[in-house]
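Scroll down for the structure; my scribbles are underneath it.
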Amino acid sequence: MSDYLVIVESPAKAKTIGKYLGKKYNVKASMGHVIDLPKSQMGVDVENNYEPKYITIRGKGPILKDLKQAAKKAKRIYLAADPDREGEAIAWHLADSLKIEEGSKCRVVFNEITKDAIKESFKHPREINTNLVDAQQARRVLDRLVGYNISPLLWKKVKKGLSAGRVQSVAVKMIIDRENEINAFVPEEYWSITAHLSKDGKQFEAKFQQLDGEKKPLSSKEDVDDILNRLEGGSFEVTGIKRRERKRNPVAPFITSSLQQEAARKLNFRAKKTMMLAQQLYEGVDLGKSGTVGLITYMRTDSTRLSDTAKGEAKEYIGIHYGEEYHQEPKAAKKNEKAQDAHEAVRPTSVMRDPKAMKPHLSRDQYRLYKLIWERMVASQMAPAVMDTMSVDLDVNGAMFRATGSKLKFAGFMKVYIEGNDEGKEEKDKLLPDLNQGDKPASEKVEPAQHFTQPPPRYTEARLVRTMEELGIGRPSTYAPTLDTIQRRGYVSLEEKRFVPTELGTIVLEMIEEFFPEILNVEFTADMETRLDSVEEGSEEWIRIIDEFYQGFEKRLKYAEEEMKEVEIKDEPAGEDCEKCGHEMVYKMGRYGKFMACSNFPNCRNTKAIVKEIGVGCPKCEKGQIVERKSKKRRIFYGCDQYPECDFISWDKPIARTCPKCSEMLVEKKSKKTVQVVCVSCDYKEDSV
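Residue numbering for the sequence shown follows UniProt numbering, starting at 1 and increasing by one per position.
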């Protein structure tokens with residue numbers, strides 16, 4: 001019989017911890033929450049200080065029964081759920097269910113699942129932190145009051161299956177507001193002039209900057225023609241040279257939001273996938289002879305802080321593998337006022353477990369995410385990169401052009417890692433020839449170009465998470481579930497990895513905005529998050545926060561029930577008839593976007609995916625047309641519309657030309673930065689764009 005019972009959330013975590021603690025410890029998994037608010041009703045008694053009505057979650061009865069039996073046989077019980085509000089709430093419910101004495105030091109927390117960290121944490125158990133529990137309870141109650149009151153109203157007035165929530169509604173509003181900005185955007189014309197110059201056979205470019213010592217905007221072709229006329233008969237002469245050294249500092253280690261953003265940019269991971277993989281790396285991976293080890297620290301954090309042990313390991317590793325000159329501990333970053341700073345940054349539990357050594361033990365995606373986390377943390381402890389920069393001014397008849405160049409002098413942290421950006425561009429050396437005052441480089445050509453200002457871009461997952469974080473909406477644990485929810489409800493869809501609002505999302509938002517404006521108020525939502533944090537700190541009572549909100553909300557709810565008009569969302573005709581029963585096909589909105597369905601539902605259940613022709617005939621059967629389709633994982637591919645008679649398929653987009661070399665099909669090969677036309681049969685390639 002085991003002397004001690006340890007309860008964690010997942011079997012993977014239980015397996016890892018059990019190996020470290022030994023035979024005296026019986027480690028069991030609760031499979032997440034065992035006690036929660038009921039799904040079938042609001043579960044909050046508004047007449048009795050908003051008392052939550054907790055029940056055993058359906059299906060969790062046998063698990064709780066097993067835990068109770070194990071608890072009876074144990075001398076002592078330890079509750080080791082994750083080190084956050086939700087983990088504290090799980091522990092609190094378990095303590096109540098297992099009749100653990102109030103005030104008992106039964107709570108064990110650790111930021112990483114390694115042998116030393118686990119053994120050390122069990123030496124210092126503590127009481128359950130009721131402030132943390134109250135903060136989580138306040139969030140759950142508040143979300144229930146909003147969701148379980150507004151959602152039935154939407155079901156009645158619009159359609160079943162809709163929902164509303166504090167954070168998700170604001171996220172949808174942000175996406176719709178951005179779409180409105182794009183639709184209202186009026187592009188403005190502007191021009192640029194580029195001089196293509198050369199000296200000693202080395203070519204370089206210079207951009208127009210000023211005319212007669214003053215900034216000259218180029219807003220029309222007439223402005224450009226004036227400059228071009230001025231250039232006639234003149235020659236470019238170097239009038240000024242500036243050389244300087246520029247330092248580029250490394251970025252801080254990952255927090256939850258920056259991890260999701262960078263994984264989206266560099267690995268093309270959705271936020272949900274990033275968190276799933278990070279959970280696996282945190283809970284433990286079998287490393288063969290070394291046993292099961294947690295490879296990263298806890299992944300839900302808003303702090304960039306690192307332990308002295310982690311910094312010491314990084315210093316040692318950098319010195320051995322890159323040289324001591326590459327190490328430099330960064331200055332302490334200014335603390336984000338909105339950050340809770342409860343945990344360290346997301347980092348490898350040991351820098352000495354480098355990605356190359358871990359690769360054989362990880363899946364492809366686990367390896368890619370671990371490598372990203374490892375590189376970011378190591379780079380954060382390295383010296384700045386040093387660039388030699390050069391700026392050259394050239395004059396021709398009073399028109400000033402400027403050429404800039406740069407060269408990497410010392411790689412520093414860039415030896416290991418360079419942060420991505422939403423445009424996917426990388427900083428590269430741009431070398432200028434050896435230029436001196438008075439030099440007159442040869443002019444190859446002067447090229448004007450017309451441009452138009454662009455509207456703000458639609459939100460990617462990474463950009464939306466970053467904006468929510470900046471505005472103080474949500475917390476590390478809420479970003480991924482929020483983005484998942486608004487897509488599942490059909491309020492937004494992802495097109496080319498960017499959020500687009502649906503008609504349903506727009507209708508629902510307009511109704512919420514009219515009757516519950518505070519729910520969509522960014523400042524209100526951010527302030528509520530701050531007040532929930534104050535509950536965790538023990539400086540404010542959760543019941544008071546809920547009551548202040550509900551008094552006004554209840555009045556709005558009664559008004560909405562009386563005044564909100566019913567909205568009928570009519571199905572849009574698809575322009576074709578059902579091949580099974582002859583009735584009209586209509587467009588419907590599903591979990592994964594629009595699809596076609598028979599209007600004779602439920603008598604006829606025929607459905608069809610919406611396909612998009614690309615104007616290319618099928619090269620295999622020569623009868624069908626190539627159409628754009630989506631796989632189960634929402635990846636775009638191209639196939640023949642005569643399927644299943646013709647099984648032609650291509651992941652690359654075919655184009656309406658054949659190869660000039662072998663007459664086979666040409667396709668567009670896409671990378672993050674370029675699109676290149678290539679032949680599927682021979683080595684023919686066209687320059688990338």
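No residue lacks a Cβ here, since even glycine has one placed at the ideal position from N, Cα and C.
These figures come from a predicted structure and were not determined experimentally.
- Burial state of Cys682 (16 or more Cβ within 10 Å): Taking all protein chains in view, the Cβ of Cys682 is surrounded by fewer than 16 other Cβ atoms within 10 Å, so the residue is classified as exposed.
- Item | Whole-angstrom distance between Asn26 and Lys594, CA atom to CA atom | Note on geometry: alpha-carbon atoms of Lys594 and Asn26 lie some 50 Å from one another.
- Endpoints, the alpha helix (DSSP H) within which Phe236 is located: Per DSSP, Phe236 is not a residue of any alpha helix (DSSP H), being assigned neither H nor E.
- Task: Would you mind working out which of Pro433, Asp286, Glu205, Gly438 sits nearest Lys445, comparing C-alpha positions?
- Result: Of all alpha-carbon atoms in Pro433, Asp286, Glu205, Gly438, the one lying nearest the alpha-carbon of Lys445 is that of Glu205.
- If I'm right that Gly412 touches Met382 with Cβ under 8 Å, what's the distance once you round it to whole angstroms? Contact between Gly412 and Met382 holds: CB atoms are separated by about 6 Å, below the 8 Å threshold.
- Give a yes or no on whether the minimum CB-CB distance between Val680 and chain B is below 9 Å. Absence of chain B from the displayed structure is noted, only one protein chain being present.
- Task: Let me know the secondary structure DSSP gives Tyr643 once reduced to three states.
- Result: Residue state, collapsed to three classes: coil.
- Could you tell me whether the segment 314-329 touches the segment 97-114, using the rule of 3 or more Cβ pairs below 8 Å? Counting Cβ pairs under 8 Å, fewer than three are found: no touch.
- To the nearest angstrom, report how far apart Gly617 and Ala574 are at their CA atoms. Each residue's Cα considered, the two are about 23 Å apart.
- Where Pro476 falls, given that 16 or more other Cβ within 10 Å makes a residue buried: Pro476 comes out buried.
- Query: Run through DSSP, which three-state label would Tyr25 get?
  - Reply: Secondary structure of Tyr25 (DSSP, three-state): strand.
- Item | Under the three-state DSSP convention, the category Ser198 falls into | Residue state, collapsed to three classes: strand.
- Query: Span of the beta strand (DSSP E) holding Val678?
  - Reply: First-last of the beta strand (DSSP E) with Val678: 675-679.
- Query: Between the Cα of Ala526 and the Cα atoms of Ala135, Thr114, Val167, which residue gives the shortest distance?
  - Reply: Answer by Cα proximity: Val167.
- Out of Ile545, Arg85, Thr114, point me to the one whose CA is closest to Ile128's CA. Ile128 has its Cα closest to that of Arg85, out of Ile545, Arg85, Thr114.
- Task: Quick one: grab the DSSP three-state call for Gln136.
- Result: Helix at Gln136.
- Can you tell me where the beta strand (DSSP E) with Gly615 in it begins and where it stops? From DSSP, the beta strand (DSSP E) with Gly615 extends over 612-617.
- Query: I think His361 touches Val285, with their Cβ atoms under 8 Å apart; what is that distance to the nearest whole Å?
  - Reply: Contact between His361 and Val285 holds, with the beta-carbon distance rounding to 6 Å and staying under 8 Å.
- Query: Which residue from Tyr4, Asp687, Glu664, Asp434 puts its Cα closest to that of Lys242?
  - Reply: For the residues Tyr4, Asp687, Glu664, Asp434, the minimum Cα distance to Lys242 belongs to Asp434.
- Query: Apart from the five residues on each side of it in sequence, which residues of its chain come closer than 6 Å, Cβ to Cβ, to Phe524?
  - Reply: Excluding residues within five positions, the ones whose Cβ falls inside 6 Å are Glu518.
- Item | Integer-rounded CB distance, given that Leu504 should sit under 8 Å from Leu369 | Between Leu504 and Leu369 the Cβ distance is about 33 Å, and since that is not below 8 Å, they are no contact.
- Query: Where in the segment 88-174 do unbroken runs of the beta strand (DSSP E), each at least 3 residues long, occur, reported from the N-terminal end onward?
  - Reply: Under the rule that a run must span 3 or more residues, no beta strand (DSSP E) segment is found entirely inside the segment 88-174.
- Query: How would you label Gln136, buried or exposed, when you count the other beta carbons within 10 angstroms and need 16 or more for buried?
  - Reply: The residue in question, Gln136, is buried, as its Cβ has 16 or more Cβ neighbours within 10 Å.
- Task: Have a look at Arg305 and Gly552 and give me their C-alpha separation to the nearest angstrom.
- Result: Note on geometry: alpha-carbon atoms of Arg305 and Gly552 lie some 40 Å from one another.
- Message: Excluding the 5 residues flanking Val46 on each side, which residues of the same chain have their C-beta closer than 7 Å to its C-beta?
- Response: Setting aside the 5 residues that flank it on each side, Val46 is surrounded in the same chain by Tyr550, each with a C-beta closer than 7 Å to its C-beta; the list follows chain order.
- Message: Which of the three DSSP states is assigned to Gln366 in this structure?
- Response: Here Gln366 carries a helix assignment [DSSP, helix/strand/coil].
- Message: Within 8 Å, do at least three Cβ pairs link the segment 285-299 to the segment 489-500?
- Response: Counting Cβ pairs under 8 Å, fewer than three are found: no touch.
- Are the CB atoms of Asp484 and Ala271 nearer to each other than 9 Å? Against a cut-off of 9 Å, the Cβ pair of Ala271 and Asp484 comes out as a contact.
- Message: Measuring straight from C-alpha to C-alpha, what distance separates Gly18 and Leu132?
- Response: One Cα belongs to Gly18, the other to Leu132, and the distance between them is close to 27 Å.
- In angstroms, rounded to a whole number, what distance separates the CA positions of His343 and Glu120? Rounded to the nearest angstrom, the two C-alpha atoms are 16 Å apart.
- Task: With His451 as the anchor, note down where its beta strand (DSSP E) starts and where it stops.
- Result: First-last of the beta strand (DSSP E) with His451: 442-452.
- Message: Helix, strand or coil for Lys15? Go by DSSP, reduced to three states.
- Response: Lys15: helix per DSSP, three-state reduction.
- Use the C-beta contact count for Glu337: other C-beta atoms within 10 angstroms, 16 or more gives buried, fewer gives exposed. Any answer about Glu337 is weak, because its pLDDT of 49 lies below 50 and its placement is not dependable; what the coordinates show is given next. Answer is exposed; the Cβ neighbour count stays below 16.
- Message: For the structure I just gave you, are there three or more beta carbon pairs, one from the segment 635-644 and one from the segment 658-665, closer than 8 Å?
- Response: No, they do not touch.
- Reducing DSSP to helix, strand and coil, say where Gly405 ends up. Here Gly405 carries a strand assignment [DSSP, helix/strand/coil].
- Message: List, from N- to C-terminal side, the alpha helix (DSSP H) runs of 4 residues or more that fit wholly inside the segment 202-286.
- Response: Counting only runs that start and end inside the segment 202-286, the alpha helix (DSSP H) elements of at least 4 residues fall at 221-231, 256-267, 271-283.
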